[in-house]
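Here's the structure, in structure tokens; my notes come after.
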Amino acid sequence: MIYCRDIFGSGPREDSIDESAQEIRLIALEINFASRRDYGFSTIFMNEGVSSDTRLTEDDLRDIIAQAKAIGVRKVLFSGKDVSSYAIVKELESFASSLDIEADVIKDEYLCVAASGKNDPPFCMRHMFSCVVTSYGYVLPCPGLEIPLGNVRSQKLGDIIKDSEILSDLKDCTNKIKGPCRYCENIEICCGCRGRAYLGTGDYLESDLICIKNINSGHKTGKLPLQVDGIIPHKPPMRIIDTLDELAERSASCSALINKDMPFIEEDGSLDNVAYLEMIAQSIAALNGFRNMNESGPSPEGYLLGAKNLKIFGRAGKGDRLLIMVFKYARYGGFGIVKGVVSKNNEIIARGEVKVWHKIEED
Ligand code: SF4
Ligand code: SF4
């Protein structure tokens with residue numbers, strides 16, 4: 059049985075990995091033909107206007123291999139149950155070879171370290187130089203970290219890699235990882251299994267606490283869901299969201315319980331529509347604050363600059379619990395356009411876009 063970390067063999071040389079990490083490009087690509095997965099809220103914004111219900115066609119996959127070549131990929135592996143029996147895979151292997159890309163098929167299914175139940179240090183740096191494209195178009199950082207970075211049906215592979223905040227964090231793992239892994243003597247060659255960290259905490263940057271070296275570390279994780287006090291600059295009563303529940307690519311889901319002391323409450327106990335925009339802005343501040351938790355200094359400042367396309371489909375009021383899902387749609391320096399959806403009891407009650415400014419590291 060082969061492990062996910064080992065499928066590229068001894069892997070690229072260390073200097074190539076460094077180059078790939080710095081230049082935000084890839085050296086290797088896995089195309090996985092496994093069954094379709096539901097990636098939850100993380101895909102609702104990236105699938106707007108595209109269908110992800112069917113497998114990519116042979117032409118789509120050829121195009122992706124050509125795109126992969128353009129961003130430096132030198133090796134493509136095809137994986138998934140019974141993949142070697144697919145006629146399409148033979149064609150794709152020949153196509154990759156015609157582009158001077160080494161291509162191969164992983165005949166036996168591999169075991170994912172994140173699901174192995176073992177405590178060994180993973181010594182894996184796959185996310186520094188490769189990613190996975192599923193046959194439904196989703197791009198994943200690695201097999202065990204199942205957070206889609208984008209979908210190749212709606213974006214070019216190179217743009218997904220370039221724009222991904224998750225991949226950018228992972229490629230800078232020596233500076234971004236939280237807890238004991240960051241101070242481990244193996245950090246230059248390990249970084250922990252990002253899949254195990256994510257499965258255990260909901261945070262892809264948390265330490266890998268399954269590793270034998272960390273079992274007795276006593277490290278307290280910032281496990282999600284997490285109260286947002288301290289990760290957003292807003293204080294009560296202006297802080298109107300409560301918890302950061304889930305993280306995904308440039309997106310987050312948060313929740314808020316509407317109480318009587320909250321601003322924006324009307325005399326009849328219902329919530330003014332402007333509160334939905336503020337919830338969207340605070341949720342994106344929570345995402346930014348959480349990503350910066352490892353940095354010293356205060357939570358990043360942020361302001362709501364304007365809003366558009368606010369659509370109201372329902373009402374909320376005292377005692378209601380709301381779910382707020384947000385996605386960074388576009389960014390220009392510290393300015394960004396954020397799309398947001400607010401739901402109550404699984405029904406969308408508001409949808410809109412806000413323009414925000416956040417103090418960012420580069421500022
Ligand atoms: S980080 Fe973990 S799940 Fe991802 S490839 Fe490495 S060992 Fe596998
Ligand atoms: S403590 Fe973390 S970085 Fe060190 S060997 Fe274990 S998983 Fe790897």
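The numbering of the sequence shown is the working numbering, which starts it at 59 and goes up by one.
For glycine and all other residues, C-beta sits at the position ideal for the given N, C-alpha and C.
Through-space distance from residue j to residue i, alpha-carbon basis
i       : j       : result
Ser-275 : His-416 : 34 Å
Leu-362 : Asp-76  : 38 Å
Ile-323 : Leu-329 : 5 Å
Arg-184 : Glu-204 : 14 Å
Pro-356 : Arg-113 : Because Pro-356 carries a pLDDT of 48, less than 50, the predicted location of this residue cannot be relied on, and no value is offered for it.
Glu-264 : Ala-154 : 36 Å
Ala-374 : Asp-111 : 33 Å
Ile-60  : Gly-138 : 13 Å
Ala-145 : Tyr-194 : 17 Å
Ile-406 : Phe-393 : 26 Å
Arg-120 : Leu-150 : 7 Å
Phe-181 : Cys-62  : 11 Å
Ala-161 : Glu-336 : 49 Å
Lys-102 : Ile-224 : Contrary to the premise, residue 102 reads as Ile rather than Lys in this sequence. Taking the straight line from one Cα to the other gives about 17 Å.
Lys-148 : Glu-116 : 11 Å
Ile-164 : Thr-192 : 14 Å
Ala-94  : Ala-343 : Note that residue 94 corresponds to Arg in the displayed sequence, not to Ala. Cα-Cα distance, rounded: 32 Å.
Asp-421 : Lys-366 : Note on Asp-421: pLDDT 38, under 50, position unreliable in the model; the coordinate value appears next. The alpha-carbon atoms of Asp-421 and Lys-366 are separated by roughly 26 Å.
Met-186 : Asn-244 : 15 Å
Ser-212 : Lys-386 : 16 Å
Ile-273 : Asp-266 : 9 Å
Lys-209 : Glu-325 : Position check: residue 209 holds Asn in this sequence, whereas Lys was assumed. Answer to the nearest angstrom: the Cα atoms are 45 Å apart.
Asp-118 : Pro-321 : 50 Å
Gly-364 : Ala-388 : 14 Å
Cys-239 : Glu-246 : 10 Å
Ile-395 : Asn-403 : 26 Å
Asn-331 : Asp-217 : 35 Å
Gly-67  : Phe-136 : 14 Å
Residue closest to residue i, alpha-carbon to alpha-carbon, out of the options
i       : options                               : result
Ile-338 : Leu-157, Phe-348, Leu-368 and Ile-123 : Leu-368
Ile-235 : Leu-381, Gly-250 and Asp-221          : Gly-250
Leu-345 : Asp-319, Asp-266, Leu-284 and Ala-333 : Leu-284
Ser-313 : Ala-306, Pro-291, Gln-340 and Asp-319 : Gln-340
Ala-306 : Ser-109, Asp-118 and Ser-222          : Ser-222
Leu-302 : Pro-291, Val-286 and Asn-317          : Val-286
Asp-140 : Val-332, Leu-207, Ile-316 and Glu-167 : Glu-167
Ala-173 : Gly-364, Leu-315 and Tyr-256          : Tyr-256
Asp-441 : Pro-294, Ser-74, Gly-67 and Phe-91    : The structure shown does not extend to residue 441, since the chain is modelled only from 59 through 421, so no value can be given for it.
Cys-200 : Arg-379, Gly-360, Ile-65 and Asp-378  : Ile-65
Leu-215 : Glu-106, Tyr-390 and Ile-129          : Ile-129
Ala-124 : Ile-245, Phe-136, Asp-158 and Pro-291 : Asp-158
Thr-259 : Ile-299, Gly-237 and Val-332          : Gly-237
Ile-299 : Ser-143, Ile-268, Asp-378 and Ile-247 : Asp-378
Met-351 : Ile-395, Pro-291 and Arg-389          : Pro-291
Ala-92  : Ser-74, Gly-67 and Ser-142            : Ser-142
Anticipated Cβ contact below 8 Å, residue i with residue j, distance rounded
i       : j       : result
Ile-82  : Ile-219 : 6 Å
Val-131 : Leu-84  : 5 Å
Arg-349 : Asp-227 : 7 Å
Ser-309 : Val-384 : 6 Å
Ser-188 : Glu-88  : 7 Å
Phe-99  : Glu-304 : 6 Å
Lys-278 : Cys-242 : Not quite, the Cβ-Cβ distance comes to about 17 Å (not below 8 Å), so this is no contact.
Gly-327 : Lys-397 : With 8 Å as the limit, Gly-327 and Lys-397 do not qualify as a contact, their Cβ atoms being about 28 Å apart.
Tyr-97  : Pro-206 : 5 Å
Ser-311 : Ile-370 : No, Ser-311 and Ile-370 are not in contact; Cβ-Cβ is about 20 Å, not under 8 Å.
Leu-380 : Ile-316 : 7 Å
Asn-90  : Val-190 : 5 Å
Asn-177 : Cys-269 : 7 Å
Buried/exposed call for residue i, threshold 16 Cβ in 10 Å
i       : result
Pro-179 : buried
Gly-372 : exposed
Gly-202 : buried
Met-296 : exposed
Lys-281 : exposed
Ala-408 : buried
Arg-252 : buried
Asp-261 : buried
Arg-254 : buried
Ser-401 : buried
Val-414 : buried
Asp-232 : Looking at the sequence provided, one finds Thr at residue 232 rather than Asp. Result: exposed.
Tyr-196 : buried
Ala-86  : buried
Val-108 : exposed
Val-134 : buried
Gly-391 : exposed
Ala-126 : buried
Paired residues, beta bridge with residue i - DSSP
i       : result
Asn-209 : Tyr-196
Asn-90  : Ser-137 and Thr-192
Asp-162 : Leu-135
Leu-203 : Cys-200
Ala-310 : Leu-305 and Val-384
Arg-83  : Arg-83 is not bridged to any residue.
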